[in-house]
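>
2 protein chains.
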Amino acid sequence: MTEFHHAAQTDAPLSEFGLIRRYFTRPARDAVLGVGDDCALLSPRVGQVLAISTDMLVSGRHFFADVAPAHLGHKALAVNLSDLAAMGAEPRAFTLALALPEARAEWLAPLAQGMLALADAHGCELIGGDTTKGPLTLSITVMGDVPAAQALRRDAAQAGDDLWVSGTLGDARLALGVFWQEWSLAPEAFAAMRARMETPTPRVALGMALRGLAHAALDVSDGLLGDLGHILAASGLGATLDVDALPRSAVMAEQPPERQLQCLLTGGDDYELCFTAPRTARAAIAALSGPLGLPLTRIGYLERGTGIRLQDHAGAPVAFTGHAFDHFASER
Amino acid sequence: MTEFHHAAQTDAPLSEFGLIRRYFTRPARDAVLGVGDDCALLSPRVGQVLAISTDMLVSGRHFFADVAPAHLGHKALAVNLSDLAAMGAEPRAFTLALALPEARAEWLAPLAQGMLALADAHGCELIGGDTTKGPLTLSITVMGDVPAAQALRRDAAQAGDDLWVSGTLGDARLALGVFWQEWSLAPEAFAAMRARMETPTPRVALGMALRGLAHAALDVSDGLLGDLGHILAASGLGATLDVDALPRSAVMAEQPPERQLQCLLTGGDDYELCFTAPRTARAAIAALSGPLGLPLTRIGYLERGTGIRLQDHAGAPVAFTGHAFDHFASER
Numbered sequence: 320m321t322e323f324h325h326a327a328q329t330d331a332p333l334s335e336f337g338l339i340r341r342y343f344t345r346p347a348r349d350a351v352l353g354v355g356d357d358c359a360l361l362s363p364r365v366g367q368v369l370a371i372s373t374d375m376l377v378s379g380r381h382f383f384a385d386v387a388p389a390h391l392g393h394k395a396l397a398v399n400l401s402d403l404a405a406m407g408a409e410p411r412a413f414t415l416a417l418a419l420p421e422a423r424a425e426w427l428a429p430l431a432q433g434m435l436a437l438a439d440a441h442g443c444e445l446i447g448g449d450t451t452k453g454p455l456t457l458s459i460t461v462m463g464d465v466p467a468a469q470a471l472r473r474d475a476a477q478a479g480d481d482l483w484v485s486g487t488l489g490d491a492r493l494a495l496g497v498f499w500q501e502w503s504l505a506p507e508a509f510a511a512m513r514a515r516m517e518t519p520t521p522r523v524a525l526g527m528a529l530r531g532l533a534h535a536a537l538d539v540s541d542g543l544l545g546d547l548g549h550i551l552a553a554s555g556l557g558a559t560l561d562v563d564a565l566p567r568s569a570v571m572a573e574q575p576p577e578r579q580l581q582c583l584l585t586g587g588d589d590y591e592l593c594f595t596a597p598r599t600a601r602a603a604i605a606a607l608s609g610p611l612g613l614p615l616t617r618i619g620y621l622e623r624g625t626g627i628r629l630q631d632h633a634g635a636p637v638a639f640t641g642h643a644f645d646h647f648a649s650e651r
Numbered sequence: 320m321t322e323f324h325h326a327a328q329t330d331a332p333l334s335e336f337g338l339i340r341r342y343f344t345r346p347a348r349d350a351v352l353g354v355g356d357d358c359a360l361l362s363p364r365v366g367q368v369l370a371i372s373t374d375m376l377v378s379g380r381h382f383f384a385d386v387a388p389a390h391l392g393h394k395a396l397a398v399n400l401s402d403l404a405a406m407g408a409e410p411r412a413f414t415l416a417l418a419l420p421e422a423r424a425e426w427l428a429p430l431a432q433g434m435l436a437l438a439d440a441h442g443c444e445l446i447g448g449d450t451t452k453g454p455l456t457l458s459i460t461v462m463g464d465v466p467a468a469q470a471l472r473r474d475a476a477q478a479g480d481d482l483w484v485s486g487t488l489g490d491a492r493l494a495l496g497v498f499w500q501e502w503s504l505a506p507e508a509f510a511a512m513r514a515r516m517e518t519p520t521p522r523v524a525l526g527m528a529l530r531g532l533a534h535a536a537l538d539v540s541d542g543l544l545g546d547l548g549h550i551l552a553a554s555g556l557g558a559t560l561d562v563d564a565l566p567r568s569a570v571m572a573e574q575p576p577e578r579q580l581q582c583l584l585t586g587g588d589d590y591e592l593c594f595t596a597p598r599t600a601r602a603a604i605a606a607l608s609g610p611l612g613l614p615l616t617r618i619g620y621l622e623r624g625t626g627i628r629l630q631d632h633a634g635a636p637v638a639f640t641g642h643a644f645d646h647f648a649s650e651r
């Protein structure tokens, strides 16, 4: 269903379901029919295909149970918008399924505010949902438009392509290490890294700008090595990475070298785009950086073969034995 | 994302994520691009709008933790297909977000089998998903096609419309009462009612056949009184129900009268369609019953005003004080 009440309401206007409706239900804008019927109705646009993605966030696994609800609302949608960005798609609409132990106004209001502010910033309409009592879980399905021939697929990388990333890598992992008591950061540095972890910025404008320029793209949600591995597997290629070129924040640059490498190569949750493009697109891609206010950095290249070779700026091999994150393999 | 692994795989082929991929990943058919990229890609069809719905099922709330996984897989998709049916939409694709405490082949294989068998029966393609460790929760978003002008909306009922339901009502509630030890049933009767509860049949063909015939429709998921209330509220009307006309199974007809009334009026989870149609459509609707192999019963009519009046076949008022189900108000 597309209602924010899963059942009939026979009780007072300020019932818990009434609260959910109040915060999440708005009139349909772009959609033909929005929240409140069995289904929402969305009109396709001429010449576009619909890009669709789903992400589920579970309390204690993808976020701390005591995270600020406004940040949680932002992040739950941001990670989905990031998938659209990685496809070069323009956000249009999303649905939200929400399980929560209890419906409290002081928690739901900022959750909705954080989520809907990001939605509005991207013209992405909340068209439906479901709410139930249960362990705190958010599942969002997001939909966007992209011309079929310009979608940034993972299997379209070519040998000889440059490898690029947006922004800086590993910042969210640096914050997570503080929560996990692996290391500490000065308060101001921690606040900056924590903001990267809790309120990531989906690179939607970059994804759309890369249509026709990039060959393949994805968002770095589970760590550069693991995510790049998906492009390589899908495209049947290998890659060489210049670890000295990996873009890092000022806070990151102050960390011990081993910690930097760990965060840069395996830190997830930054939601930067990693993409491949032909050498001929270098100038055009570099020219996007200024208008987008976003660093775009060449970090290596794709080649025939398999696997990822790490080297320093001088071309000497770099050893690294960390591994990527598996939700079932890891207990964290 | 649309992968059934949320992280890089660096371990053995029979890892837990490998199992999930094995059971849920199939090549794209109707979709331009299916499971395995940041987004799936779906081409719109000319003249159709996309009907979209989301439902979330939580262990212990929407199903018993020890339910047969094949039944759970079936039901999780069925309740979503039922929302498409209630809109008159033709199923096309769905995404699955799955949180589960552990990935065991003997549980995942039948879950996938139950879900994908129903999906195949309706030509509804699994195009993406997300899997994570967490309390057992399934969230499905389903997409279907419907001509915009023929969608069966809740707000399109008209005064004087006949009120219809498909199939029989209250059977799932009768089974639930056995689990809750409210009453008992003979083994054969219980098995039949339990099948209605655990493997409901979404009335997809009926919904599509009602395009152009019915004015308004929804699926009875939370009980006839509560769900009918949604149509009445959306359309600004009242209704009179003939409780003697409510269609009931042979097992239901053997129950004490008060129990029958309770199950028929407030029992959810049957996923029959409740719809309104003009008197002029009576013959055409009745003629659908044979080909669909599905009883279609007139149970009352809509009228100006508000609220639902219950009466017996002779027109005498019937008293009923049960109430509908609220996921937050009820602890069950």
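Line by line, the protein sequences give chains A and B. Throughout the first sequence, residue numbering follows this note's numbering, covering 320 to 651 in sequence. Throughout the second sequence, residue numbering follows this note's numbering, covering 320 to 651 in sequence. Idealized CB from N, CA, C, for every residue including glycine. Being a predicted model, the structure only gives us computed values, none of them experimental.
In chain order, what residues of the region 456–476 of chain B put their CB closer than 7 Å to some CB of chain A?
456, 458, 460, 467, 470, 472, 473
> Report all residues from its chain with a CB closer than 6 Å to the CB of residue 563 (chain B); omit the five preceding and five following residues, and keep chain order.
Excluding residues within five positions, the ones whose Cβ falls inside 6 Å are 631, 632.
> Looking at C-alpha atoms only, which residue of A:628, A:617, A:400 is the closest neighbour of residue 487 (chain A)?
If you compare the alpha carbons of A:628, A:617, A:400 with that of residue 487 (chain A), the shortest gap goes to A:617.
> Looking only at its chain, what residues have a beta carbon closer than 8 Å to the beta carbon of residue 413 (chain A), apart from the 5 residues adjacent to it on each side?
So the qualifying residues of the chain are 396, 399, 438, 443, 444, 445, 446, 459, 460, 461, 462.
> Can the beta-carbon of residue 405 (chain B) be found less than 8 Å from the beta-carbon of residue 357 (chain A)?
yes
> Anything in the region 488–521 of chain A with a Cβ closer than 7 Å to a Cβ of chain B? List those residues in chain order, please.
none
> Between which residues of its own chain and residue 469 (chain B) is the CB-CB distance below 7 Å, once the five residues before and five after are set aside?
407, 530, 531
> Kindly indicate if chain B contains any beta-carbon less than 8 Å away from that of residue 626 (chain A).
no
> Below 8 Å, how does it come out for the region 547–557 of chain B and the region 471–480 of chain B: are there three or more Cβ pairs, yes or no?
Between the region 547–557 of chain B and the region 471–480 of chain B, the count of Cβ pairs shorter than 8 Å is three or higher; the stretches touch.
> Go ahead and label residue 483 (chain A) buried or exposed: buried means 16 or more other beta carbons lie within 10 angstroms of its beta carbon, across all protein chains shown.
Here residue 483 (chain A) is buried. Its C-beta has 16 or more other C-beta atoms within 10 Å.
> Report the rounded CA-to-CA distance for residue 485 (chain B) versus residue 591 (chain B), giving the unit in angstroms.
Distance between the alpha carbons of residue 485 (chain B) and residue 591 (chain B): 5 Å.
> Excluding five sequence neighbours on each side, which residues of the same chain lie with their C-beta closer than 6 Å to the C-beta of residue 626 (chain A)?
Around residue 626 (chain A): 557.
> Based on Cα-Cα distance, which residue from B:585, B:453, B:620 lies nearest to residue 421 (chain B)?
B:453
> When you compare the region 372–380 of chain B with the region 500–512 of chain B, are there three or more beta-carbon pairs, one atom per stretch, that lie closer than 8 Å?
no
> If we ignore side chains and look at the alpha-carbon of each, how far apart do residue 601 (chain B) and residue 595 (chain B) end up?
When rounded, the distance between both Cα atoms is 11 Å.
> Within the continuous alpha helix (DSSP H) that includes residue 581 (chain A), where are the two ends?
576–585
> Using the C-alpha atoms, what's the distance from residue 609 (chain A) back to residue 547 (chain A)?
Those two C-alpha atoms are separated by around 25 Å.
> Would you mind stating whether residue 604 (chain B) and residue 613 (chain B) have Cβ atoms separated by less than 8 Å?
no
> Could you have a look at residue 638 (chain A) and say whether DSSP puts it in helix, strand or coil?
coil
> In angstroms with no decimal places, state the Cα-to-Cα distance between residue 496 (chain A) and residue 512 (chain A).
Straight-line Cα distance between these residues: approximately 10 Å.
> Where does residue 429 (chain B) sit, in a helix, a strand or coil, going by DSSP?
helix
> Show which residues of chain A have a CB atom less than 8 Å away from the CB atom of residue 373 (chain B).
Simply 320, 321, 414, 415, 416, 447, 448, 449, 458, 460.
> Tell me which same chain residues have a C-beta within less than 6 Å of the C-beta of residue 384 (chain A), skipping the five on either side of it?
378
> Is the CB of residue 358 (chain B) under 8 Å away from at least one CB in chain A?
Taking 8 Å as the threshold, the shortest C-beta distance from residue 358 (chain B) to chain A falls below it.
> Rounded to a whole number of angstroms, what is the C-alpha to C-alpha distance between residue 510 (chain A) and residue 491 (chain A)?
11 Å
> In chain A, which residues lie less than 8 Å from residue 523 (chain B) when you measure between Cβ atoms?
Under the 8 Å cutoff, chain A gives no residues; its nearest Cβ is about 12 Å from residue 523 (chain B).
> Assuming residue 368 (chain B) and residue 523 (chain B) are in contact, meaning their beta carbons sit under 8 Å apart, how far apart are those beta carbons, in whole angstroms?
Incorrect: roughly 17 Å between the Cβ atoms, too far for contact.
> Contact criterion: CB-CB distance below 8 Å. Does residue 554 (chain B) meet it with respect to chain A?
False, the Cβ-Cβ gap to chain A never drops below 8 Å.
> Which residues, in chain order, does the region 385–411 of chain B contribute to contact with chain A at a C-beta distance below 7 Å?
402, 403, 405, 406, 408
> For residue 370 (chain B) and chain A, any beta-carbon pair shorter than 8 Å?
yes
> So residue 362 (chain B) contacts chain A; which residues on that side make the cut at Cβ distance below 8 Å?
368, 369, 467
> Could you tell me the alpha carbon to alpha carbon distance between residue 721 (chain B) and residue 551 (chain B), rounded to whole angstroms?
The displayed coordinates of chain B run from 320 to 651. Any statement about residue 721 (chain B) would go beyond what the structure contains.
> Give the range of the beta strand (DSSP E) segment to which residue 411 (chain B) is assigned.
Where residue 411 (chain B) is concerned, the enclosing beta strand (DSSP E) stretches over 409–419.
> Between residue 532 (chain A) and chain B, is any beta-carbon pair separated by less than 8 Å?
no
> Could you give the C-beta distance for residue 577 (chain B) and residue 478 (chain B), rounded to a whole number, given that I count them as a contact under 8 Å?
Wrong, their Cβ atoms sit about 32 Å apart, outside the cutoff.
> Residue 652 (chain A): which of A:570, A:579, A:542 sits nearest, CA to CA?
Outside the displayed span of chain A (320 to 651) sits residue 652 (chain A), for which this structure offers no information.
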